[in-house]
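A short write-up of the structure that comes next.
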Amino acid sequence: MIVAQGTLARKPEVAIDRAGGQTTVRLSGPWTAPHAQTVESLVQEIETDAEAFPLVLDLSGVERLDTLGAWTLNRTRHEMSGKGQVDFANATPEQKILLDEAAFRDFQGPSKPRHSRVVDFLVDVGRSVAGAGRDMVGGVGFLGELIAALIRVIVHPRRFRGTAVINQLEQIAYRGVPIIVLISFLVGCIVSQQGIFQLVKFGATPFVIDLIGILVLRELGVLLTSIMVAGRSGSAFTAEIGSMKMREEIDALRVMGLDPIEVLIVPRIMALVIGLPLLTFIASIAALVGGGLTTWVYGDISPDIFLNRLRAAVSLNTFLVGMIKAPFMALVIGIIATLEGLAVEGSAESLGRHVTSSVVKAIFMVIVLDGVFAMFFAAINY
Amino acid sequence: MMLERRPSDPTKNRDVIISVRGVEVGFGERTILKGLDLDVYRGEILGFVGGSGQGKSVLTRAILGLVPKRAGTIQVLGQNLDDLSPEERRQLERHWGVLFQQGALFSALTVKQNIQVPMREYLHLSDRLLDELAMLKIEMVGLNPDAADKLPSELSGGMIKRAALARALALDPEIVFLDEPTSGLDPIGAGEFDDLIATLQRTLGLTVFMVTHDLDSLYSVCDRIAALGEGKILAEGPIEVMLESDHPWLRSYFHGKRARAVMAGGA
Numbered sequence: 067m068i069v070a071q072g073t074l075a076r077k078p079e080v081a082i083d084r085a086g087g088q089t090t091v092r093l094s095g096p097w098t099a100p101h102a103q104t105v106e107s108l109v110q111e112i113e114t115d116a117e118a119f120p121l122v123l124d125l126s127g128v129e130r131l132d133t134l135g136a137w138t139l140n141r142t143r144h145e146m147s148g149k150g151q152v153d154f155a156n157a158t159p160e161q162k163i164l165l166d167e168a169a170f171r172d173f174q175g176p177s178k179p180r181h182s183r184v185v186d187f188l189v190d191v192g193r194s195v196a197g198a199g200r201d202m203v204g205g206v207g208f209l210g211e212l213i214a215a216l217i218r219v220i221v222h223p224r225r226f227r228g229t230a231v232i233n234q235l236e237q238i239a240y241r242g243v244p245i246i247v248l249i250s251f252l253v254g255c256i257v258s259q260q261g262i263f264q265l266v267k268f269g270a271t272p273f274v275i276d277l278i279g280i281l282v283l284r285e286l287g288v289l290l291t292s293i294m295v296a297g298r299s300g301s302a303f304t305a306e307i308g309s310m311k312m313r314e315e316i317d318a319l320r321v322m323g324l325d326p327i328e329v330l331i332v333p334r335i336m337a338l339v340i341g342l343p344l345l346t347f348i349a350s351i352a353a354l355v356g357g358g359l360t361t362w363v364y365g366d367i368s369p370d371i372f373l374n375r376l377r378a379a380v381s382l383n384t385f386l387v388g389m390i391k392a393p394f395m396a397l398v399i400g401i402i403a404t405l406e407g408l409a410v411e412g413s414a415e416s417l418g419r420h421v422t423s424s425v426v427k428a429i430f431m432v433i434v435l436d437g438v439f440a441m442f443f444a445a446i447n448y
Numbered sequence: 107m108m109l110e111r112r113p114s115d116p117t118k119n120r121d122v123i124i125s126v127r128g129v130e131v132g133f134g135e136r137t138i139l140k141g142l143d144l145d146v147y148r149g150e151i152l153g154f155v156g157g158s159g160q161g162k163s164v165l166t167r168a169i170l171g172l173v174p175k176r177a178g179t180i181q182v183l184g185q186n187l188d189d190l191s192p193e194e195r196r197q198l199e200r201h202w203g204v205l206f207q208q209g210a211l212f213s214a215l216t217v218k219q220n221i222q223v224p225m226r227e228y229l230h231l232s233d234r235l236l237d238e239l240a241m242l243k244i245e246m247v248g249l250n251p252d253a254a255d256k257l258p259s260e261l262s263g264g265m266i267k268r269a270a271l272a273r274a275l276a277l278d279p280e281i282v283f284l285d286e287p288t289s290g291l292d293p294i295g296a297g298e299f300d301d302l303i304a305t306l307q308r309t310l311g312l313t314v315f316m317v318t319h320d321l322d323s324l325y326s327v328c329d330r331i332a333a334l335g336e337g338k339i340l341a342e343g344p345i346e347v348m349l350e351s352d353h354p355w356l357r358s359y360f361h362g363k364r365a366r367a368v369m370a371g372g373a
């Protein structure tokens with residue numbers, strides 16, 4: 067049997083016969099889905115042309131009928147029923163079963179009330195504010211749980227999972243070194259090049275070393291590292307924890323009497339809190355090297371002079387400002403990533419959504435936190 | 107349940123809708139199907155059984171073109187799958203629907219949108235008809251109309267199977283492939299699903315190719331059974347033929363403890 071090629075060539079047709087006070091509509095050809103457009107226009111034609119009732123739909127010439135054909139015929143019949151009686155005739159037993167199966171029913175449920183756009187917009191704003199509030203409360207609650215778990219681990223050191231922490235440290239810190247070094251190095255180069263171009267106008271080229279030293283150690287090193295870690299490791303946490311949640315692995319841990327926070331989350335966050343300052347240090351050095359190279363090439367300042375000037379420009383607290391911030395950034399990234407991971411529901415789409423929002427929220431919070439720290443350190447003159 | 111089966115001999119005077127000849131499929135060193143022959147007749151429900159790892163799903167996937175075969179021919183609706191141009195293959199593919207074991211519903215789309223995916227792709231329907239037909243399919247597979255706007259993640263296992271069946275039926279196919287349709291359903295749900303398949307098969311004139319482990323399904327809805335083992339068809343025919351077979355695997359499958367329980371319940 068060739069794939070209905072014979073029927074594809076033919077088209078559904080109707081012949082309307084108005085004899086003897088009733089209308090007979092003879093249908094022929096295939097009344098199937100591939101001919102949907104013809105079928106739709108034909109039933110429209112029948113509806114408009116039907117004047118005399120009773121009306122008979124004669125199916126004797128129909129070669130093939132499928133659910134689409136049966137449904138449109140039933141719908142037409144229903145729509146004309148207000149005007150008079152409509153019947154089917156000469157349907158084969160198979161066609162009869164199909165016509166019964168596709169009998170007309172009203173699918174139009176009660177339509178949803180429509181709101182104005184302004185109301186919708188306000189509702190949206192309200193929802194996001196409430197959502198942000200819930201996030202805050204959830205975050206603080208989770209921080210509490212985390213600290214409780216940490217204390218439990220400290221009280222019972224045997225429950226500390228050293229291997230997991232080391233493994234996470236490798237993933238977060240060790241494997242992140244190349245990319246973070248590269249990015250920091252380049253940013254150091256760019257900032258110092260632009261600094262030289264601007265300061266040379268005032269004949270103050272050597273001050274670019276102060277600029278680089280302070281900017282990198284206080285702000286850029288930690289910020290670049292945090293943003294990279296949020297993108298690299300924050301997304302990985304959310305995806306790992308989210309897919310474990312999706313496949314009930316977290317529930318499996320729970321029923322074995324293991325605390326998922328202790329097993330999965332404490333090692334990750336500890337690794338972050340240890341790893342991020344290390345990476346920050348490496349990133350700062352890389353950016354300083356980049357800045358030094360650029361000042362040598364563009365500003366004719368030899369490395370000796372660069373180092374001397376740098377030592378005069380920065381003090382220990384310049385360096386510490388950057389390093390103090392790092393563990394807090396790590397904590398924020400870790401908490402956001404795990405909370406988003408735990409919020410994943412059944413579908414893969416939900417996983418994708420939460421990974422995205424984990425990264426976006428983490429980067430946003432890192433920058434906000436940096437601003438708060440800037441104000442804090444300015445207030446205490448550190 | 108046994109007595110309700112239609113007493114017919116489908117092998118007589120009926121056209122072959124799927125014909126598999128000498129098919130070999132393997133992965134790396136391992137050959138899974140070794141020259142397999144199988145015919146599926148128009149309008150029957152064929153139950154396809156075999157031990158785990160024997161290649162039931164592999165044959166299904168080979169017919170659907172998801173797994174390459176090493177030798178042999180497969181004809182569907184009289185056309186050799188290897189000879190088809192991409193356009194002819196597209197034409198052919200709208201004549202079959204597939205129910206995957208896990209449903210394989212698109213998780214980003216609602217049930218209704220899932221059913222409309224093949225319709226939008228192949229048919230030129232007005233928006234109104236598109237909605238009405240999708241709702242009709244949803245009702246035909248016994249889902250509540252409320253389910254139409256739900257996402258797959260909000261459905262239970264049985265509802266996912268029904269929704270996936272509705273999607274498989276979206277284009278009014280002639281052949282439906284079902285991969286373990288009743289696995290993961292409770293016995294009542296599985297029984298209802300069997301009845302649903304039988305009803306739809308009768309009303310829509312479907313040919314059903316059903317991979318299954320469910321002895322209840324084999325007894326209650328299948329016209330014919332083909333048993334796979336050692337890379338070949340061990341036996342095919344109605345349940346009586348299976349029961350009479352001497353092959354050790356078939357004996358233990360159809361005369362095991364679980365099979366006796368089903369027979370006792372059915373007879």
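Taken in sequence, the protein lines are chains L and B.
Per the numbering used here, numbering through the first sequence is continuous, rising by one, with the last residue being 448.
Per the numbering used here, numbering through the second sequence is continuous, rising by one, with the last residue being 373.
In this text, a Cβ means the ideal position worked out from N, Cα and C, and glycines have one as well.
Keep in mind the model is a prediction, meaning the values are calculated, not measured.
For G203 of chain B, the beta-bridge partners assigned by DSSP are B:V282. Within 7 Å of the CB of G311 of chain B, the CB atoms of chain L belong to E160, in sequence order along the chain. By the Cβ criterion, the stretch 314-321 of chain B is not in contact with the stretch 237-255 of chain B, since fewer than three pairs of Cβ atoms, one from each stretch, lie closer than 8 Å. When the beta-carbon positions are compared, R334 of chain L and F303 of chain L come within less than 9 Å of each other. Using a Cβ distance threshold of 9 Å, L172 of chain B and L144 of chain B do not count as a contacting pair.
Where Q237 of chain L is concerned, there is no enclosing beta strand (DSSP E), although the alpha helix (DSSP H) around it starts and stops at 228-238.
If only complete runs of 3 or more residues are kept, the stretch 103-172 of chain L shows the beta strand (DSSP E) at 121-131, 152-155, in order along the chain. When C-beta distances to chain B are compared with 8 Å, the residues of the stretch 99-132 of chain L below that value are A99, P100, A102, Q103, E106, D132, in chain order.
Looking at the backbone, the Cα of L356 of chain B and that of L349 of chain B are separated by about 8 Å.
Take the alpha-carbon of L373 of chain L and the one of V288 of chain L: they are about 21 Å apart. According to DSSP, T90 of chain L shares a beta bridge with L:D83, L:V122.
With contacts defined by Cβ atoms closer than 9 Å, A168 of chain L and L242 of chain B form a contacting pair. If you draw a straight line from the Cα of I316 of chain L to the Cα of L248 of chain L, it is about 37 Å long. Cβ-Cβ distances below 7 Å link L277 of chain L to G261 in the same chain, with the five nearest sequence neighbours on each side left out; the list follows chain order. Going by DSSP, Y364 of chain L is part of the alpha helix (DSSP H) stretching over 332-365. The beta carbon of A379 of chain L sits closer than 8 Å to those of I275, D276, G279, I280, all from its chain and outside the five residues before and after it, given in chain order. Think of a sphere of 7 Å around the beta carbon of L231 of chain B: the chain L residues whose beta carbon falls inside it are A102, in chain order. Contacts with chain L (Cβ-Cβ distance below 7 Å) from the stretch 271-286 of chain B involve L277, D278, listed in chain order. A direct Cα-to-Cα measurement between G297 of chain L and V221 of chain L gives close to 33 Å.
For F133 of chain B, the enclosing beta strand (DSSP E) stretches over residues 122-133. Scanning its chain for C-beta atoms nearer than 6 Å, with the 5 sequence neighbours on each side dropped, one finds around R127 of chain B the residues D143, G178, T179, in chain order. With a threshold of 9 Å between beta carbons, E238 of chain B makes contact with chain L. Within chain B, S213 have C-beta atoms less than 7 Å from the C-beta of A414 of chain L, given in sequence order. Using a CB distance cut-off of 9 Å, I316 of chain L does not count as an interface residue toward chain B. Closer than 9 Å to the CB of K162 of chain B there is not a single CB belonging to chain L. Contact check for A296 of chain B and G209 of chain B: beta-carbon distance about 15 Å, past the 8 Å limit, so the pair fails to qualify.
As the crow flies, the alpha-carbon of S213 of chain B is around 50 Å from that of A444 of chain L. At a cut-off of 9 Å between beta carbons, M348 of chain B makes no contact with chain L. Secondary structure of G400 of chain L (DSSP, three-state): helix. D145 of chain B carries a strand assignment under DSSP once its states are collapsed to helix, strand and coil.
Per DSSP, the beta-bridge partners of E342 of chain B are B:A332.
About 6 Å separates the CB atoms of L417 of chain L and M312 of chain L; that is less than 8 Å, so the two are in contact. Contact annotation for W137 of chain L against chain B: E238, L239, L242 [CB-CB distance below 7 Å, chain order].
At a cut-off of 9 Å between beta-carbon atoms, R308 of chain B makes contact with chain L.
Straight-line spacing of the CA atoms in S309 of chain L and E411 of chain L works out to 9 Å.
Taking a Cβ-Cβ cut-off of 7 Å, the neighbours of E167 of chain L in chain B comprise M246, T309, given in sequence order.
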